[in-house]
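Colleague: Dropping a structure here in structure tokens format, bear with me for questions.
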Amino acid sequence: VLAAGERDRYFGDDDIKEILYTQEELSRRVREIGRSITEDYRDRASERASDGAPGLVVISVLRGAAIYMSDLVREIDLPLEMDYMAVSSYGSGTKSSGVVRILKDLSSQIEGRHVIIAEDILDSGLTLKYLMGVLESRNPASIEIATLLRKRTERQVDIDCKYVGFECPDEFIVGYGLDYAEHYRNLPYIGILKPEIYQGK
Ligand code: XMP
Ligand code: MG
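7 is the number of the first residue of the sequence shown in full-length UniProt numbering; add one for each residue after it.
See below:
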């Protein structure tokens with residue numbers, strides 16, 4: 007599945023049930039999303055924040071989305087600022103409660119600016135819904151979501167994502183920033199984790 011000339015084995019391969027998106031498929035799709043964003047925001051690209059920073063701010067939520075974001079911003083051919091938030095969701099286990107605590111807030115002011123949230127994966131959507139509420143209260147000029155993955159699941163709340171990379175199966179997936187217990191984030195592809203890895207844990 008991996009490209010010719012690349013390594014043909016990665017450290018986590020044995021723990022992966024199925025590769026969903028190869029390194030090449032990810033980079034092609036991220037390039038497409040970047041091009042769409044470039045087209046859509048071109049007219050607004052000359053706007054500036056009051057401190058002279060670019061009018062466009064791309065935000066990612068640490069840590070999962072950091073790898074996707076770093077690839078995405080290099081495919082957006084416009085001035086932009088990169089900023090980060092860190093949140094922790096209340097509640098235990100793999101299900102999110104939708105109430106999140108902000109561990110690290112943005113460094114930038116977003117009032118009057120155009121915000122794009124680069125998210126790794128939308129599952130129930132509760133985390134992002136909460137975050138959107140927080141950010142909207144700061145009166146940005148606009149705010150959109152660019153998620154790499156959206157799970158096909160009944161659990162999903164109504165949330166408007168302008169850019170979606172892939173609709174993925176409702177399984178536990180890792181790689182390209184996504185982790186299980188902080189493992190696998192640096193796999194260059196995205197795959198389904200074998201259930202026996204996390205079952206009984
Ligand atoms: P909600 O349900 O609020 O949760 O949309 C989104 C967050 O949950 C994490 N998440 C996953 N992480 N593999 C992961 O490594 C997955 O399959 C998965 N599903 C959800 C992720 O942190 C996301 O931001
Ligand atoms: Mg995460």
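The beta carbon of each residue, even a glycine, is placed where N, CA and C say it ideally should be.
No experiment lies behind these values; they were computed from the predicted model shown.
1) Find the nearest neighbour of S130 within the set R50, E142, V105, H120, judged by alpha-carbon distance.
2) According to the Cβ coordinates, are Y47 and H120 closer than 9 Å?
3) Which two residues bound the contiguous beta strand (DSSP E) that contains K110?
4) If I follow the unbroken alpha helix (DSSP H) through R156, where does it start and stop?
5) With 16 as the cutoff for other CB atoms within 10 Å, does D126 come out buried or exposed?
6) Express the C-alpha separation of R54 and L155 in angstroms, rounding to a whole number.
7) Give the single residue among L112, R161, V79 whose Cα lies nearest to the Cα of D89.
8) What runs of the alpha helix (DSSP H), each 4 residues or longer, lie entirely inside the region 16 to 91?
9) Does the separation of the CB atoms of residue 233 and D176 fall below 9 Å?
10) Within the chosen definition, does the region 63 to 74 reach the region 181 to 197 through at least 3 CB pairs nearer than 8 Å?
11) Give me the DSSP bridge partner(s) of L128.
12) I'd like the list of long-range same chain contacts for I123, defined as Cβ closer than 6 Å, with 5 residues on each side in sequence excluded.
Modeller: From the atom records:
1) V105
2) yes
3) 106 to 110
4) Unbroken run through R156 is the beta strand (DSSP E), 148 to 157; no alpha helix (DSSP H).
5) buried
6) 30 Å
7) L112
8) 29 to 47, 72 to 79
9) Because the chain in this structure spans residues 7 to 207, residue 233 falls outside the shown range and cannot be described.
10) yes
11) R156
12) I65, I151
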